[in-house]
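See below for the structure under consideration.
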Amino acid sequence: MDQVLYSTPDNPVPENRTEGFFETYDGHRLRYAVFRSGGQVAKGTVVIIHGRNEYIEKYFETIRDLTGQGLWVATFDLRGQGGSSRLLKRRNHGHIRRFADYERDLDTFLEKIVLPDTRLPFYLLGHSTGGLIALSAAPYLTTRIDRMVLSAPFIGLTGQSASPRVIRTLAGALTAAGLGFMPLTSKLKEPDFRDNPLTSDETRFERNVAMMKAHPELTLGPPTARWLTEAFRTMDRVTSPNHLFSITIPTIVIAPTRDGVVPYTAQERLSRYFRAGQLVPINGARHEIFQERDIYRAAALAAFHAFIPGSDAEENHDVAALGT
1 MDQVLYSTPD NPVPENRTEG FFETYDGHRL RYAVFRSGGQ VAKGTVVIIH GRNEYIEKYF
61 ETIRDLTGQG LWVATFDLRG QGGSSRLLKR RNHGHIRRFA DYERDLDTFL EKIVLPDTRL
121 PFYLLGHSTG GLIALSAAPY LTTRIDRMVL SAPFIGLTGQ SASPRVIRTL AGALTAAGLG
181 FMPLTSKLKE PDFRDNPLTS DETRFERNVA MMKAHPELTL GPPTARWLTE AFRTMDRVTS
241 PNHLFSITIP TIVIAPTRDG VVPYTAQERL SRYFRAGQLV PINGARHEIF QERDIYRAAA
301 LAAFHAFIPG SDAEENHDVA ALGT
């Protein structure tokens, strides 16, 4: 059998797992893994939805944190990235035809893998693009997901060389002209800790770079015009009051205040109309909170465990106080 998950010396694969591929409604193969806790009785299962250009290996440390608290973890690589089927011949172009395909893949994962092979109750952890997917699908997940944790959900864009309005206009024009498969830039920037917007933790940053260099087939370059157009359309829809009012799953939004990818102000604004949601700011943290320094990760994990029933060693915490 071909190897499904990959290790590097400082990022070994967690034990006690099942891994493989499942097929989507339109015939793509998506890579998945289920990680079991060591306890005899599981406290539930956390479904992790990754951000753009992420993959299962990047979450090994966080998976150990969660299984160490008695939770199972089920996760998969989004279509078009990681170890899942790519959608274009140019494999390094991050592409999607319709954002709804992400939601259909999540539905398939829940039906084919999570429901038959893991333990109730089910929780969802979505980071960045994964958070946008979760927000979009949430009205239809009420009967299956008990609680959601969204980490820096991708509901806005900052830190780019062009303004969000210019990026949106260019992406829309290319898509309308039938050139949605093209990225807006062909530049592939070498990862550099000194100017990265993702984390202030150099050790974790270099660990992720080492994985990228050891297994470049898991990584992506810039998103295509179509991907951006679909993402912007979805942002507009999920941040509307009508959509937010339709979400009834109890949710916390873990918002890094120094996020260099998604504006903190956008995450703060989201919470105003999100009746089922509560904002948990992590002061000083950058975009990838679960790849951040221990002081920020600890705050995010404390918020997670205080919010997810049964995973906080039976202690009750004030979630609102954990962002300070």
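According to UniProt numbering, the stretch in the sequence shown is residues 1 to 324, in order.
Beta carbons are placed, not taken as given, at the ideal position from N, Cα and C, and that holds for glycine.
Taking a contact to mean a Cβ-Cβ separation below 8 Å, would you say residue i touches residue j in this structure?
{"i": "Asn208", "j": "Gln291", "result": "yes"}
{"i": "Leu78", "j": "Ala171", "result": "no"}
{"i": "Phe181", "j": "Thr219", "result": "no"}
{"i": "residue 325", "j": "Ser128", "result": "Here the chain comprises residues numbered 1 to 324, so residue 325 is not present and cannot be evaluated."}
{"i": "Arg31", "j": "Gly83", "result": "yes"}
{"i": "Leu132", "j": "Thr234", "result": "yes"}
{"i": "Phe60", "j": "Pro14", "result": "yes"}
{"i": "Arg52", "j": "Gly94", "result": "yes"}
{"i": "Arg226", "j": "Arg104", "result": "no"}
{"i": "Ser136", "j": "Val238", "result": "yes"}
{"i": "Thr18", "j": "Val34", "result": "yes"}
{"i": "Gln211", "j": "Glu57", "result": "At residue 211 the sequence reads Met, which differs from the Gln that was named. It is a contact, given that the beta carbons lie within the stated cut-off."}
{"i": "His287", "j": "Pro309", "result": "no"}
{"i": "Ile145", "j": "Leu125", "result": "no"}
{"i": "Val253", "j": "Ser271", "result": "yes"}
Give the C-beta separation of residue i and residue j to the nearest angstrom, bearing in mind that I take them to be a contact with Cβ-Cβ under 8 Å.
{"i": "Thr62", "j": "Arg36", "result": "About 15 Å separates the two Cβ atoms, so there is no contact after all."}
{"i": "Ser151", "j": "Ile289", "result": "5 Å"}
{"i": "Ala285", "j": "Arg258", "result": "6 Å"}
{"i": "Pro153", "j": "Gln267", "result": "7 Å"}
{"i": "Leu244", "j": "Phe274", "result": "5 Å"}
{"i": "Phe22", "j": "Thr108", "result": "7 Å"}
{"i": "Phe307", "j": "Val149", "result": "6 Å"}
{"i": "Arg293", "j": "Ser200", "result": "6 Å"}
{"i": "Gly38", "j": "Asn16", "result": "7 Å"}
Where do the ends of the alpha helix (DSSP H) carrying residue i lie?
{"i": "Tyr140", "result": "That residue, Tyr140, is in no alpha helix (DSSP H); it is neither H nor E in DSSP."}
{"i": "Ala214", "result": "Glu202 to Ala214"}
{"i": "Ile63", "result": "Phe60 to Thr67"}
{"i": "Val238", "result": "Ala225 to Val238"}
{"i": "Pro197", "result": "No alpha helix (DSSP H) contains Pro197, which DSSP labels as neither H nor E."}
{"i": "His243", "result": "Pro241 to Phe245"}
Under the three-state reduction of DSSP, which class applies to residue i: helix, strand or coil?
{"i": "Thr324", "result": "Since pLDDT at Thr324 reaches only 35, below the 50 mark, its modelled position is unreliable, and no value is offered."}
{"i": "Tyr148", "result": "Reading off the sequence shown, one finds Met at residue 148, where the question assumed Tyr. Of the three classes helix, strand and coil, the one that applies to Met148 here is strand, per DSSP."}
{"i": "His308", "result": "In the sequence on display, residue 308 carries Ile and not His. It is coil, neither helix nor strand."}
{"i": "Met1", "result": "Any answer about Met1 is weak, because its pLDDT of 45 lies below 50 and its placement is not dependable; what the coordinates show is given next. Coil, per DSSP."}
{"i": "Pro164", "result": "helix"}
{"i": "Pro14", "result": "coil"}
{"i": "Thr251", "result": "strand"}
{"i": "Thr108", "result": "helix"}
{"i": "Ile295", "result": "helix"}
{"i": "Ala177", "result": "coil"}
{"i": "Pro183", "result": "strand"}
{"i": "Pro116", "result": "helix"}
{"i": "Gly130", "result": "helix"}
{"i": "Ser7", "result": "coil"}
{"i": "Pro191", "result": "coil"}
{"i": "Gly260", "result": "coil"}
{"i": "Gly172", "result": "helix"}
Between which two residues does the beta strand (DSSP E) containing residue i stretch?
{"i": "Leu279", "result": "Gly277 to Ile282"}
{"i": "Gly20", "result": "Arg17 to Glu23"}
{"i": "Val34", "result": "Arg29 to Phe35"}
{"i": "Leu125", "result": "Phe122 to His127"}
{"i": "Thr75", "result": "Trp72 to Phe76"}
{"i": "Thr265", "result": "Looking at the DSSP string, Thr265 is not in any beta strand (DSSP E); the run it does join, the alpha helix (DSSP H), is Tyr264 to Tyr273."}
{"i": "Val47", "result": "Thr45 to Ile49"}
With a cut-off of 8 Å, does the C-beta of residue i fall near any C-beta of chain C?
{"i": "Phe181", "result": "No chain C appears in the structure shown, which is made up of a single protein chain."}
Three CB pairs or more closer than 8 Å across the segment 243-263 and the segment 133-151: yes
Stretch-stretch touch, CB-based, cutoff 8 Å, three pairs: the segment 101-120 with the segment 38-49: yes
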